[in-house]
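Report on the following structure.
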Amino acid sequence: MLRVIISFVIALISVTTYAEDFYTKVLGPTACFIDYKSNEIEIPEEPMNVDLPIQKVKYLLNKDLFGYYDLSQTYSTPLQKEAFKETKEYAELFENFNQIYESTKNTKFYILYNLYDNSAYDLSSKSFKFKIGLNDYNTTSKAGYFGIGGDICLSYPTSKLNIRKTLTRSGSDYWFDQYLSTPSISSDVALSIERQMSTYPCPLSLLFIVKLDKVSTEQRTIDFGGYVGRSTVTNQFILCKTIGLYVVNTETNEIISDLSSILTSNQNQRNKTTKRR
């Protein structure tokens, strides 16, 4: 009986260590999670990481100390803000704020996007065109980015990103199907990916590794219908630089395919153009 218990403990330790090694190998020991579905981002703070609403992270990236610490109502005028800046409390907050900002800018973040019932393998290009869909007002209008939800937008090579828009039933906005082309993937790996994408719950996800860049403030006109009609709204999107991309199995913590080479395709194309000149 004791031997069985010892074997079980060893197996459990091995699985746990494997999972930790997997994430450490791909992400590093300090990567933070972006939960776009819950509108939260894990931020590196001392003594431990904290989950913050995405709006607070926007304040951080915009270097808005008053918004970040919920002080905008307390000090609501420019004069009140200037007076507060002369206090010891402000000096302490300012130092802490800058430390969090610098740490956040230097941190790797990761996002998981489940691949259940996604696009089939393209035999002609020997690659996938993974689809991510959302309303047009949930993504930036800047070229070279796609929206994933929660006001989070990720960079992707423009030559490998195809966006198709369809007018919604209301006729007031568009649905965006954003197709992300992958590098060439062998047919045996692709077959395994296809089969697992068809199962529910799907164990496969796209793993995006990103760095937070900046906030893009954009205005657009939306038809709300009824007595509201058309109105101009201001949206803020967190723009992220994508530095790694993988297909992973989140149940077994396996890397199924490393797709990161696609992220340099635009640069490679520019280099080829330069050489021809």
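In terms of this note's numbering, the sequence shown opens at residue 135 and continues consecutively. Glycine included, each C-beta is placed from N, C-alpha and C at the ideal position.
Distance, residue j Cα to residue i Cα
i: LYS104; j: ASP347; result: Missing from the structure shown is residue 104; the chain here goes from 135 to 411 and no further.
i: LEU246; j: LYS190; result: 21 angstroms
i: PHE114; j: VAL349; result: Residue 114 is absent from the structure shown; the chain starts at 135 and stops at 411.
i: ASN183; j: THR164; result: 10 angstroms
i: LEU340; j: PHE280; result: 14 angstroms
i: ASN272; j: LYS215; result: 33 angstroms
i: PHE129; j: TYR290; result: Absent from the model: residue 129. The displayed extent of the chain is 135 to 411, so no value can be given.
i: SER315; j: LYS263; result: 4 angstroms
i: THR241; j: THR398; result: 21 angstroms
Environment of residue i [buried if 16+ CB atoms lie within 10 Å]
i: LEU325; result: exposed
i: ASP285; result: buried
i: LYS409; result: Residue placement at LYS409 is flagged as unreliable, the pLDDT there being 44, under the threshold of 50; the coordinate-derived value follows with that caveat. Burial call: exposed.
i: LEU257; result: exposed
i: LYS192; result: buried
i: THR238; result: buried
i: THR158; result: exposed
i: LEU393; result: buried
Bridge partners - residue i, DSSP secondary structure assignment
i: ILE286; result: GLY283 and ILE372
i: PHE243; result: CYS166 and VAL344
i: SER339; result: ASN248 and VAL382
Residue i (DSSP reduced to helix, strand or coil)
i: LYS215; result: helix
i: THR292; result: helix
i: GLY278; result: coil
i: PHE262; result: coil
i: LEU325; result: helix
i: GLN233; result: helix
Closer than 8 angstroms to chain D by CB, residue i
i: ASP251; result: In the structure shown, chain D cannot be found, because there is only a single protein chain.
Cβ contact (3+ pairs, closer than 8 angstroms) linking the region 295–312 and the region 376–384: no
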